[in-house]
Amino acid sequence: MAVSDHVNLEQFMDGVKRRNPGESEFHQAVYEVASNVYEYIADKEIYHEAQILRRIAEPDRVVSFRVCWADDNENIRVQRGWRVQNNNSIGPYKGGLRFHPSVNQSVLKFLAFEQTFKNSLTGLPMGGGKGGSNFNPKGKSNNEVMRFCQSFMTELYRHVGEDTDVPAGDIGVGAREIGYLFGQYKRITNRFVGVLTGKGLEFGGSRIRTEATGYGTVYFMESMLNRRKASVDGMTCLVSGSGNVAQHAVEKINQLGGKAITLSDSGGTIHDPDGIDAEKLAFVKELKNKKRGRLTEYADEYGCEHLEGRPWGITADLAFPCATQNEISTAEAKALIKNGIRGVSEGANMPTEQDGIHAFTKAKILFAPSKAANAGGVAVSGLEMSQNSARITWKEAELQTLLKDIMTGIHDSCVEYGAEAGSDYVDYVKGANIAAFIKVADAMLAFGVV
Ligand code: NDP
Ligand code: 2IT
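If you read the sequence shown in our numbering, its first letter stands for residue 21, the second for the next number, and so on.
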């Protein structure tokens with residue numbers, strides 16, 4: 021069959037929408053990849069014939085289950101849990117768990133699909149998966165969170181394993197939750213293995229894992245700027261979110277001589293033009309990770325402005341969205357461009373709306389898509405898996421070097437496949453999508469029809 025006889029991008033997307041009704045986040049993630057991949061495979065019959073993209077966009081399996089737990093007032097609560105195992109062609113399924121009331125099948129399918137490509141970019145042997153629950157950890161006691169995690173793992177344990185599927189953290193799942201989940205897995209199976217990453221350092225966790233996503237997102241920006249003979253040094257930066265990724269993005273911005281002037285949470289944005297220095301960042305970590313409080317307390321403590329909504333109306337050099345999906349609308353992307361933003365590096369997964377991405381690429385600003393820019397976290401998770409399998413612990417300096425090397429490698433792969441002929445512009449979205457696709461696709465070709 022000639023290439024031209026196969027379905028085109030529009031027909032492909034019609035099929036994705038028909039088979040996955042109402043799953044708008046999943047459609048969005050698939051479209052972003054498919055639009056670049058279709059161009060790349062236009063003259064490559066084998067990928068069409070083997071229906072590679074159609075197969076990657078159909079999760080290997082979606083497991084959904086009931087999670088019952090009793091709250092502190094002895095009310096029985098019923099939540100839904102999921103694990104989406106998208107693709108294990110290049111390694112065991114790997115990806116985080118998200119606990120947030122907005123979690124549904126569409127959100128987890130988009131995240132598992134994205135993870136498949138992100139993990140490919142790291143160069144490490146990891147397939148793509150994602151899971152979680154619509155459980156809301158906010159306002160819950162430690163005992164309630166523990167009971168929920170134990171109930172969640174009592175079902176999940178049969179679907180995961182150190183060589184099968186290795187979950188980790190994401191929104192609402194940090195060190196505390198991973199501890200409870202790992203404790204329950206070990207208790208049920210009587211096996212001490214690397215079934216989760218992001219573990220505490222006392223029980224098999226890796227140094228640098230906590231910092232890796234935020235650090236990596238800023239390293240990626242530094243690589244893009246260095247290619248243009250510039251650097252983060254001296255730049256003002258907008259950061260959204262105030263959790264794991266945002267905190268460590270700010271930490272690395274400070275270390276590289278930049279100035280972060282915003283953070284946000286679901287209650288709004290703090291704008292601190294003097295910069296969120298190391299002392300203020302320590303306050304944020306205590307506030308968010310221990311007291312689990314709101315950013316209004318930061319505004320009260322340091323006497324700065326607290327705004328409703330998101331930071332994108334403020335003028336700065338660089339932007340690091342580190343909260344959640346679709347947190348930069350098309351109008352906000354255009355406002356950032358109008359205010360002279362020079363670069364955007366996505367710490368969160370798919371934080372920019374589709375037409376917002378088009379606006380950034382049209383304006384030719386430096387734009388690092390999430391699957392490239394935030395891959396540092398899962399990369400160090402991959403290194404945690406290696407350490408667990410070998411039963412060894414690497415030193416911080418070794419891991420720092422590996423993280424930097426992996427992020428530089430991803431940057432260079434994006435340049436290889438995304439550089440525009442005859443100019444110094446790099447389409448990092450295209451570069452990331454194509455580089456990631458090739459590895460997964462070629463592994464799938466090797467397996468035949470499975
Ligand atoms: P955390 O739970 O530590 O922090 C999430 C932050 O984002 C909080 O400040 C939270 O505010 C805010 N937020 C979450 N959802 C919303 C929402 N719907 N509207 C407004 N604010 C919101 O999560 P992480 O920092 O781990 O994750 C942040 C992003 O980074 C996610 O997109 C995640 O998928 C991505 N990511 C995380 C990795 C990791 O290693 N942790 C790796 C790669 C990507 P509030 O406190 O009010 O809820
Ligand atoms: O989106 C992500 O890459 C993560 N939440 C981290 C996944 C992992 O397995 O470390």
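Every residue gets a Cβ at the ideal spot worked out from N, C-alpha and C, and that includes glycine.
Beta-ladder partner(s) of residue i, from DSSP
i           : result
residue 339 : 258 and 364
residue 149 : 105
residue 386 : 363
residue 283 : 290
residue 372 : 348
residue 446 : 439
residue 100 : 86
Closest by C-alpha distance to residue i, when choosing among the options
i           : options               : result
residue 399 : 89, 142 and 71        : 142
residue 228 : 31, 449 and 414       : 414
residue 238 : 386, 365 and 418      : 365
residue 210 : 381, 177 and 53       : 177
residue 412 : 394, 392 and 225      : 225
residue 112 : 232, 66, 54 and 186   : 186
residue 86  : 172, 110 and 408      : 172
residue 81  : 342, 68, 53 and 147   : 147
residue 300 : 356, 255 and 270      : 270
residue 247 : 444, 377, 267 and 38  : 444
residue 259 : 332, 249 and 324      : 332
residue 188 : 215, 408 and 433      : 215
residue 207 : 242, 192, 170 and 232 : 170
residue 66  : 25, 286, 39 and 51    : 25
residue 388 : 375, 354, 160 and 431 : 431
residue 440 : 395, 429 and 384      : 384
residue 78  : 408, 32, 285 and 377  : 32
residue 349 : 152, 336, 378 and 242 : 378
residue 223 : 212, 230, 428 and 249 : 212
residue 38  : 64, 68, 69 and 74     : 74
residue 429 : 293, 401, 393 and 457 : 393
Between the CA atoms of residue j and residue i - distance to the nearest angstrom
i           : j           : result
residue 344 : residue 369 : 6 Å
residue 154 : residue 446 : 38 Å
residue 420 : residue 34  : 44 Å
residue 119 : residue 261 : 16 Å
residue 507 : residue 56  : An answer regarding residue 507 cannot be provided, because it is not within the stretch 21 to 470 covered by the chain.
residue 145 : residue 334 : 40 Å
residue 203 : residue 404 : 17 Å
residue 200 : residue 42  : 34 Å
residue 362 : residue 410 : 43 Å
residue 157 : residue 36  : 33 Å
residue 95  : residue 117 : 25 Å
residue 278 : residue 469 : 50 Å
residue 295 : residue 132 : 35 Å
residue 433 : residue 351 : 30 Å
residue 104 : residue 139 : 15 Å
residue 275 : residue 466 : 44 Å
residue 115 : residue 321 : 36 Å
residue 324 : residue 302 : 17 Å
residue 391 : residue 134 : 7 Å
residue 374 : residue 52  : 8 Å
residue 358 : residue 54  : 29 Å
residue 123 : residue 163 : 22 Å
residue 417 : residue 220 : 18 Å
Sequence-distant residues of the same chain with beta carbon closer than 6 Å to residue i, five excluded per side
i           : result
residue 326 : 288, 290, 316 and 319
residue 97  : 89 and 91
residue 168 : 89 and 155
residue 130 : 45, 46 and 49
residue 40  : 46
residue 191 : 118 and 120
residue 376 : 348, 350 and 353
Spatial neighbours of residue i in its chain, beta-carbon cut-off 7 Å, leaving aside the 5 residues before and after
i           : result
residue 76  : 107, 136 and 460
residue 435 : 446 and 451
residue 422 : 403
residue 347 : 260, 330, 341, 368 and 371
residue 181 : 215
residue 241 : 252, 338, 363, 365 and 388
Spatial neighbours of residue i in its chain, beta-carbon cut-off 8 Å, leaving aside the 5 residues before and after
i           : result
residue 194 : 218, 263, 264 and 309
residue 84  : 100, 101, 102 and 125
residue 454 : 56, 57, 60, 437 and 438
residue 197 : 117, 119, 157, 165, 169 and 189
residue 28  : 58
residue 109 : 147, 460, 463, 464 and 467
Check: Along the chain, which unbroken stretches of the beta strand (DSSP E) at least 3 residues long are found entirely within the segment 226–271?
Finding: 256–259
Next item on the list: With a floor of 3 residues, list each beta strand (DSSP E) that falls wholly inside the segment 108–196, ordered by position along the chain.
Entry: 113–119, 148–153 and 185–188
Margin query: To test your reading of the DSSP string, which unbroken alpha helix (DSSP H) runs of 4 or more residues are found completely within the segment 293–341?
Written below: 298–305 and 316–322
Note to self: As an exercise, report each continuous alpha helix (DSSP H) stretch of at least 4 residues that is fully enclosed by the segment 25–98, in chain order.
What the structure shows: 29–39, 44–60, 65–69 and 72–76
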